[in-house]
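Quick note on our numbering: the sequence shown kicks off at 1 and runs consecutively. Just so you know, even glycine gets a beta-carbon here, dropped at the ideal spot from N, CA and C. Here is the structure we will look at, set down as structure tokens.
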Amino acid sequence: MYFPEANAYGGTFGYLLLPKPVETSAADREELGVRVTVAPQVAGFAPPDACEVYSGVTQMNLGPCEQVAPDTWRSSRSGGISYVARHEGAVVLLDGGGPTVSDGDLRTMADSLTVRKPAFFLGPNG
């Protein structure tokens with residue numbers, strides 16, 4: 001996980017996932033990684049006709065998206081693929097920046113999402 005960001009005002013947080021061999025200073029890291037954003041559901045979120053989500057602090061419309069599982073949708077635009085999953089009132093955007101991130105990898109990530117309690121991240125010493 002690299003480049004974590006949080007916006008208390010918008011209630012979002014996110015980070016970039018990179019494969020091990022990619023240097024964090026690489027100019028093309030956004031195309032090689034997956035940008036993950038967790039945000040509240042926006043009012044315009046009405047899949048499959050309109051997948052409006054937050055990407056970082058910006059609200060964006062992914063346009064029409066196809067449902068691929070319960071509460072999970074897929075959108076492709078500008079050569080990139082995105083998956084949107086809704087879990088317990090939050091929306092998770094998995095944005096594959098370029099053609100190097102496979103649809104299968106994004107789908108596996110979307111299928112494996114799990115809501116965790118804050119204590120999960122605190123470790124045994126809390």
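Just list the alpha helix (DSSP H) runs in the region 24 to 72, keeping only unbroken ones of 4 residues or longer that don't cross its boundaries, in chain order.
Here the runs fully enclosed are 29 to 32.
For the beta strand (DSSP E) that residue 90 lies in, which residues bound it at each end?
Note, residue 90: beta strand (DSSP E), 90 to 96.
For residue 17, which of helix, strand or coil comes out of DSSP?
Three-state DSSP puts residue 17 in a strand.
In terms of DSSP beta bridges, what is residue 101 paired with?
Among the bridge pairs identified by DSSP, residue 101 is matched with none.
By DSSP, does residue 108 sit in helix, in strand, or in coil?
The answer is helix: DSSP assigns residue 108 an H, G or I state.
Cβ separation of residue 42 and residue 87, assumed to be a contact under 8 Å, to the nearest whole Å
About 15 Å separates the two Cβ atoms, so there is no contact after all.
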